[in-house]
């Protein structure tokens with residue numbers, strides 16, 4: 001989510017979280033080093049604190065702007081990041097031609 005709120009990433013999704021997640025506006029303006037409302041509780045739990053109750057927030061998380069990506073992958077692929085499948089969760093991508101057994 002820091003990637004989406006970082007103006008250097010040139011994303012069109014800055015509007016999605018900027019005024020909703022605590023600290024996102026300050027981060028996007030370069031006034032903070034991280035977004036204070038986002039905390040990793042452990043390896044599988046992310047806590048997001050909003051300024052106000054906002055019932056459509058869960059729907060916003062389903063947009064591509066809400067996807068959580070490994071920071072290392074974003075830094076490694078840099079500008080070509082959108083062309084490399086990277087994700088989280090129990091799913092994996094298998095590339096190559098499908099063959100029949």
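Numbering (our numbering), first residue to last: 1 to 101. Virtual Cβ for every residue (Gly too), placed ideally from N, Cα, C. This one's a predicted model, so the numbers in the text were calculated from it and none came from an experiment.
Subject >> Test item: CB-CB of residue 21 and residue 41 under 9 Å >> reply: No; because the gap between Cβ atoms is not below 9 Å, this pair is not in contact.
Subject >> residue 19 to residue 90 span [Cα, whole Å] >> reply: Take the alpha-carbon of residue 19 and the one of residue 90: they are about 31 Å apart.
Original post:
Taking C-beta to C-beta, are residue 64 and residue 13 nearer than 9 Å?
Top reply: Note that the C-beta distance between residue 64 and residue 13 is below 9 Å.
Subject >> residue 42, enclosing beta strand (DSSP E) - first and last residue >> reply: Boundaries of the beta strand (DSSP E) around residue 42: 38-42.
Subject >> Buried or exposed by the 16-neighbour rule on C-beta atoms within 10 Å, applied to residue 32 >> reply: With fewer than 16 Cβ atoms within 10 Å of its Cβ, residue 32 is classed as exposed.
Subject >> C-alpha distance - residue 114 paired with residue 2, whole-angstrom precision >> reply: An answer regarding residue 114 cannot be provided, because it is not within the stretch 1 to 101 covered by the chain.
Original post:
Is it buried or exposed for residue 17, if we count other Cβ within 10 angstroms and need 16 for buried?
Top reply: Buried is the call here.
Subject >> Those residues which DSSP pairs with residue 48 across a bridge >> reply: Assignment of beta-bridge partners to residue 48 by DSSP yields 38.
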